[in-house]
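Let me begin by presenting the structure, written as structure tokens, before commenting on it.
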Amino acid sequence: MKKLNVTVIHDAPLKDHRGSEKPDACVEHVATALSNHGHRVTPYAVPDDARGFIDGVMDTRPDLVFNLVESFGNNMTMDMHVGALLELMAVPFTGADPGGLFMAQDKVLTKKLLQYHGVKYPQFLTFASDRIETGGNIRYPLFVKPARADASLGITEASLVTDFKSLIERVHYVHETFGGTALAEEYIEGREYYVSVIGHLNPRPLSLVEMDFSGLPPHVPPVASYDAKWNARTRAYKGTKAVIATDLSSELAARVQAAAREAYLALQARDYGRVDVRVTPGGDVYVIEVNPNPYLARDAELAMAAEHSGIPYDDLIRQIVEFAWKRRRERREGMLPAQPQVAVHRKDPADKDRPAEKAAEKAEKVAEKAAEKAAEKAEKVAEKAEKVAEKAAERAAEKAEKVAEKAAEKVAEKAAEKVAEKAAEKAAEETLSKA
Ligand SMILES: Nc1ncnc2c1ncn2[C@@H]1O[C@H](COP(=O)(O)OP(=O)(O)O)[C@@H](O)[C@H]1O
Ligand SMILES: [Mg+2]
């Protein structure tokens, strides 16, 4: 593909204990991969005011923005607005659109969408400041967390509750610490997998990564708590590691991947995403959450899964850029953005085995492939046209230069002639007057 000006936007770095400010390592990783592909890269730390953001990004003259932003001005729920500004600025950008970022951030809305797509999720209750909602019977143990948060904020051993008193205490803690709605879900006992998915119109699930909790002491609940993710000195961190999942049957792995792919489509993730699932000992697959634009460092779970699926890191970054670059034409031509076709309304997962549903699924796949091929062809034609246009412009410019040169020569000749004439006249006059 052609070489682009790529602006890598990212969160403003926080000061570390030495007072130095360095962006997250991920920025460097992505920037290096882009440079390796010959793109011109400008990393850009997003300021905390909208005007500064717009001017700052525009000053970098981006063909494409690589969006690594997770917050805006310290607010972790405002990454979607950054996406919205980019959309208004008509700059193509990687990853989910603002709607996708919004839907996945709300864990309750996520469940409602998963239900339509026939993907299992833990049953739940919500506790807003003024009302409690539940969809039906739910059983202890429960797991309590903020309904809109990320990065395991508010998730500790105490999130797992087994009675009413501890449930209410934990809900109170979430209200006091984070505000907003507290979510209590049925606790899903079982193994935990991170399923990375890449692509847009026809997304592809990658190798499974398992959260291996076997290093935790037996009385500690096997969950990816805040400490397990971020505090290197804690036993939770030391006892938890992400590994390539090896010991599940291919049938189960395929079901886990299919659920993750469906969840990715349901939440309108784009380009790259990670779906966190739990699988019960009986083999039921529950989606815990969908992460659009997940952490993309070289050593993150997504890169790990890609590598194991035969996509080295630099290639992964290249593919993400290509998915986003393909969308630019829709924008240019004022079309509505292309959406993946999710033709079958799969309310009951058992329906999948019925002949009509099977046929529909097949048709869907065929249609997807055809659409993909057509898109690819169109892309190639457009690229060729672009090149032809570039060459024509170059030739026209050359011609114009030559014409200009000739014109300049003529003008210079005429001017020189006139000057010579005048000089001759003067000389003649002088000779006459002398004579
Ligand atoms: N219903 C649940 N059952 C079992 N474990 C859960 C449940 N919900 C969350 N967890 C545990 O907590 C972790 C973080 O929860 P998650 O909803 O993914 O929050 P975050 O958005 O902060 O990553 C999960 O990776 C999992 O280990
Ligand atoms: Mg998670």
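Position one of the sequence shown corresponds to residue 5 (my numbering), numbered consecutively onward. Even glycine gets a Cβ: it sits at the ideal position worked out from N, Cα and C.
* Collapsed DSSP secondary structure at serine 313 in the structure displayed -> coil
* With a threshold of 7 Å, establish whether the CB of aspartate 280 neighbours any heavy atom of ligand 1. => yes
* **lysine 242 - containing alpha helix (DSSP H), residue span** => 239 to 242
* Tell me where the alpha helix (DSSP H) around asparagine 40 begins and ends. => 29 to 40
* Could you please give the first and the last residue of the uninterrupted alpha helix (DSSP H) stretch that includes tyrosine 262? => The question names tyrosine, but residue 262 in the sequence shown is alanine. Its alpha helix (DSSP H) spans residues 254 to 270.
* Contacts around glycine 104, its chain only, beta-carbon distance under 7 Å, and the 5 residues preceding and following it disregarded -> Leu271, Gln272, Ala273, Arg274, Pro296
* Touch check for the region 176 to 191 and the region 243 to 257: three-plus C-beta pairs under 8 Å? -> no
* Whole-angstrom distance between arginine 302 and histidine 33, CA atom to CA atom -> 6 Å
* **Buried or exposed by the 16-neighbour rule on C-beta atoms within 10 Å, applied to histidine 349** => Note that histidine 349 scores 49 on pLDDT, short of 50, meaning its location in the model is unreliable and no value can be drawn from it.
* According to the Cβ coordinates, are alanine 1 and valine 291 closer than 8 Å? -> In the structure as shown, the chain begins at 5 and stops at 439. Residue 1 is therefore absent and cannot be evaluated.
* **Heavy atom of ligand 1 within 7 Å of proline 298 beta-carbon** => no
* To do: Please state whether DSSP places proline 353 in a helix, a strand or coil.
  => For proline 353, the predicted model reports a pLDDT of 48, less than 50, meaning its position is unreliable; a value from the coordinates is still stated below. Proline 353 falls in the helix class under three-state DSSP.
* Asked: Would you say valine 50 and phenylalanine 76 are within 8 Å of each other, going by their C-beta atoms?
  -> yes
* Please classify valine 348: does DSSP put it in a helix, a strand, or coil? => At valine 348, the pLDDT of 47 sits below 50, so the modelled position is not reliable and the matter cannot be decided from this model.
* **Own chain residues within Cβ distance below 6 Å of phenylalanine 217, not counting five before or after** => Pro226, Thr244
* To do: Pull up the DSSP beta-bridge partners for glutamate 2, would you.
  => With the chain running from 5 to 439 in the structure shown, residue 2 is simply not present.
* Keeping to the same chain, check which residues put their C-beta closer than 8 Å to that of alanine 354; ignore five residues upstream and five downstream. => Its pLDDT being 49, under 50, alanine 354 is placed unreliably in this model, and the value from its coordinates should be taken loosely. Nothing listed; no residue qualifies.
* Asked: Three or more C-beta pairs closer than 8 Å, one from the region 308 to 321 and one from the region 186 to 202: is that the case here?
  -> yes
* Are the region 35 to 54 and the region 312 to 330 in contact at 8 Å, needing three or more beta carbon pairs? -> yes
* To do: Name, in chain order, the residues that DSSP records as bridge partners for valine 291.
  => Val281
* Do threonine 130 and leucine 171 come within 8 Å of each other at the CB atom, strictly closer than that value? -> no
* To do: Could you pull out every residue in the same chain whose Cβ sits closer than 8 Å to the Cβ of methionine 107, ignoring the five residues on either side in sequence?
  => Leu113, Thr114, Leu117, Leu271, Gln272
* To do: Just the C-alpha distance for serine 163 and glycine 286, rounded to the nearest angstrom, thanks.
  => 24 Å
* **Beta-bridge partners of arginine 399, as assigned by DSSP** => BP columns for arginine 399 are empty, so no partner.
* Extent of the continuous beta strand (DSSP E) run through lysine 26 -> Element bounds for lysine 26: n/a, residue is neither H nor E.
* Proximity test, asparagine 442 beta-carbon vs ligand 2 heavy atom, cut-off 7 Å -> With the chain covering only 5 through 439, there is no way to say anything about residue 442.
* Asked: Mind checking glycine 158: buried by the 16 CB within 10 Å criterion, or exposed?
  -> buried
* Would you mind working out which of Arg22, Ser156, Ile136, Ser211 sits nearest proline 316, comparing C-alpha positions? => Ser211
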